[in-house]
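Numbering (the UniProt record's numbering), first residue to last: 1 to 691.
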């Protein structure tokens, strides 16, 4: 069975999504905690309620989801399933049956008719030997005949019209009733799954919560292990990860041919994705413990499989289970396969999975991931489709298209399209300190966003303009946010829906941290300074003094700029597309202009004029700063001056992070609230501004 379409409404954080699956591998990406695993749990729940393989599967899945409890199993805890307990929960999964499965169903209509009559009578999982009288009655025989006719008609629709096998549930919040919207689909699905041997499943779930056991664990074989084998497929999938040695020794206990296949499978895994390892043997060591010996091919060191890393063990177990326990044409859900693995392994994971298992066994796999490497592979492999979950209302297929111009612009900004798919959006800020400070102060607000250090602003603004032009041309862009310091260069850029701009209203981010009370508290503690101040009140005077000391430098800078002296330096425009003679003409003209500007200067007169203008400029700045110095001074320079003035014991970065923490604590300070309001405005869903 391959999943072809999915509809989920009001299931936990998923409000309303509808999606079609067209490839053997579907990869779902999106920000953290957006609801990717919820999608897998919805599919799992529909299967457990409508086509359970064991009598315990339905109850075990409800327990796992918190929708039931062992002390009162007849009670359905609706709030554990519904996002809005006033609305119905709806889950519909449509599967396409493969020809081999259709042929099996066609030859088993009589058996399935008995199962349908039992289901209608509420007698699932009851031994037929205990119902001899029931099945011998004329009424039941008539019911069985009618069931055979109904099933044959449904099978004809599947064969002739391409009808999909549907598992569809509706949970009514008023009555708590769980309704099956397709009586025959679950029967077909369950018959295929229950027809497998205990160790094989047509539907298997690999959760992200992997508790791998370490050391010697009890290993049961044969009948004693059958129940755990069946329960581990979907009912209690966490059992998979406690069964690493069980899985291997079950194969060893079989025929010699199976042992040979096990060795080949280990070789395929090690050569394909974990090079440098080799299986040496399986047996019992001199201490009476079960031992699976692995050799490091480079050092020739031999060790037990327990000595592998958690990521390596999880990967080996996953691939062994896919090889040994998933039926031909089976359906698998794999949550975060990249856990505990480095990027180089993640890069090879999806290609290996597709070539070694998906194509070989014609299985379908639905993967949820945060890995950029798996995301990139999904875009490159023809058997994969990529889906982007952006909210409880939106799960969209990512289309392959020529986005080379977009990719290049994003590369110049130090990011990529994959960041836009793995996070709600990317936020670019001006420095590393800004990244750390915003995470410290607004972690809850920004937890689904990726923060990136921009570096310089000049080139960045060029690439922003390019992105906005591409957006205007209709190119599909994931949201990008840019936060600039105001400094002395207000930006002319305007926000668009995909590229949004925030320029701090104060000179820079550090200006929002200038809080005399918070800084005064820290400067009284020896943890932060070698020379603690005696009272918090002194902090305000120190801050104002350091800020006002910037006026001389600022006044001199402003006044000198008014002279508009020409610079003789070489410029790109001087040499672009010109010959040497033309270079010479342009450069000499500039040198002559510089000479004409400077040749008549008298030292005494120039200095006197400059000083007079600076004093006037300084007075004007001082009057302006008198009430607004916290907004206008250079906040970055101020904190660097605090470091030397107050003899700090900690780095200035740590000092600023601690201030951010202080001003954000209840009751929050004005600077923190001003930043929060501007960030919330930036992150609003839509803007009306145009380029």
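Glycine included, C-beta positions come from ideal geometry on N, C-alpha and C.
7 angstroms Cβ shell around residue i - same chain, five flanking residues per side excluded
{"i": "residue 62", "result": "68"}
{"i": "residue 362", "result": "328 and 329"}
{"i": "residue 686", "result": "At residue 686 the pLDDT is 47, less than 50, meaning the model places this residue with poor confidence and gives no usable figure here."}
{"i": "residue 402", "result": "Note that residue 402 scores 46 on pLDDT, short of 50, meaning its location in the model is unreliable; the coordinates nonetheless yield the value given after this. Around residue 402: no qualifying Cβ."}
{"i": "residue 591", "result": "568"}
{"i": "residue 298", "result": "276"}
{"i": "residue 658", "result": "522"}
Alpha-carbon to alpha-carbon, residue j and residue i
{"i": "residue 272", "j": "residue 357", "result": "12 angstroms"}
{"i": "residue 623", "j": "residue 617", "result": "10 angstroms"}
{"i": "residue 452", "j": "residue 229", "result": "46 angstroms"}
{"i": "residue 7", "j": "residue 680", "result": "32 angstroms"}
{"i": "residue 199", "j": "residue 437", "result": "52 angstroms"}
{"i": "residue 152", "j": "residue 134", "result": "23 angstroms"}
{"i": "residue 320", "j": "residue 147", "result": "40 angstroms"}
{"i": "residue 336", "j": "residue 465", "result": "36 angstroms"}
{"i": "residue 158", "j": "residue 102", "result": "8 angstroms"}
{"i": "residue 546", "j": "residue 637", "result": "9 angstroms"}
{"i": "residue 648", "j": "residue 628", "result": "26 angstroms"}
{"i": "residue 506", "j": "residue 514", "result": "11 angstroms"}
{"i": "residue 314", "j": "residue 209", "result": "11 angstroms"}
{"i": "residue 630", "j": "residue 390", "result": "39 angstroms"}
{"i": "residue 123", "j": "residue 143", "result": "14 angstroms"}
{"i": "residue 161", "j": "residue 109", "result": "19 angstroms"}
{"i": "residue 668", "j": "residue 662", "result": "8 angstroms"}
{"i": "residue 248", "j": "residue 347", "result": "27 angstroms"}
{"i": "residue 640", "j": "residue 499", "result": "33 angstroms"}
{"i": "residue 82", "j": "residue 490", "result": "48 angstroms"}
Residues that residue i bridges to, as DSSP identifies them
{"i": "residue 395", "result": "389"}
{"i": "residue 171", "result": "89 and 178"}
{"i": "residue 282", "result": "292"}
{"i": "residue 26", "result": "366 and 385"}
{"i": "residue 449", "result": "425"}
{"i": "residue 265", "result": "DSSP lists no partner for residue 265."}
{"i": "residue 34", "result": "BP columns for residue 34 are empty, so no partner."}
{"i": "residue 529", "result": "648"}
{"i": "residue 277", "result": "296"}
Residue i, buried or exposed, once every other Cβ within 10 Å from all chains shown has been counted against 16
{"i": "residue 462", "result": "exposed"}
{"i": "residue 692", "result": "The structure shown does not extend to residue 692, since the chain spans only 1 to 691, so no value can be given for it."}
{"i": "residue 593", "result": "exposed"}
{"i": "residue 377", "result": "buried"}
{"i": "residue 18", "result": "exposed"}
{"i": "residue 693", "result": "As shown, the chain starts at 1 and ends at 691. That puts residue 693 outside it, with no answer to give."}
{"i": "residue 174", "result": "exposed"}
{"i": "residue 92", "result": "buried"}
{"i": "residue 136", "result": "exposed"}
{"i": "residue 432", "result": "exposed"}
Spatially closest choice to residue i from the options, by CA coordinates
{"i": "residue 98", "options": "235, 486 and 189", "result": "189"}
{"i": "residue 340", "options": "331, 370 and 322", "result": "370"}
{"i": "residue 5", "options": "395, 126, 303 and 422", "result": "395"}
{"i": "residue 354", "options": "373, 84 and 383", "result": "383"}
{"i": "residue 524", "options": "130, 78, 674 and 534", "result": "534"}
{"i": "residue 312", "options": "284, 349, 302 and 274", "result": "274"}
{"i": "residue 163", "options": "44, 1 and 236", "result": "1"}
{"i": "residue 302", "options": "143, 136 and 278", "result": "278"}
{"i": "residue 435", "options": "653, 12, 208 and 372", "result": "653"}
{"i": "residue 656", "options": "50, 440, 95 and 675", "result": "440"}
{"i": "residue 13", "options": "309, 33 and 140", "result": "33"}
{"i": "residue 573", "options": "566, 582 and 668", "result": "582"}
{"i": "residue 585", "options": "170, 598, 570 and 518", "result": "570"}
{"i": "residue 457", "options": "599, 492, 526 and 106", "result": "492"}
{"i": "residue 50", "options": "294, 111, 73 and 194", "result": "194"}
{"i": "residue 29", "options": "366, 668 and 64", "result": "366"}
{"i": "residue 368", "options": "489, 332 and 607", "result": "332"}
{"i": "residue 512", "options": "3, 684, 633 and 317", "result": "633"}
{"i": "residue 246", "options": "192, 178, 325 and 176", "result": "325"}
{"i": "residue 558", "options": "601, 179 and 614", "result": "614"}
Contacting residues, own chain, Cβ-Cβ under 8 angstroms from residue i (five flanking each side not counted)
{"i": "residue 231", "result": "54, 56, 57, 60 and 239"}
{"i": "residue 566", "result": "590, 593, 594 and 597"}
{"i": "residue 284", "result": "290 and 291"}
Same chain, Cβ closer than 6 angstroms to residue i, five either side skipped, listed in chain order
{"i": "residue 184", "result": "154"}
{"i": "residue 140", "result": "134"}
{"i": "residue 646", "result": "523 and 529"}
{"i": "residue 698", "result": "Outside the displayed span of the chain (1 to 691) sits residue 698, for which this structure offers no information."}
{"i": "residue 449", "result": "423, 424, 425 and 427"}
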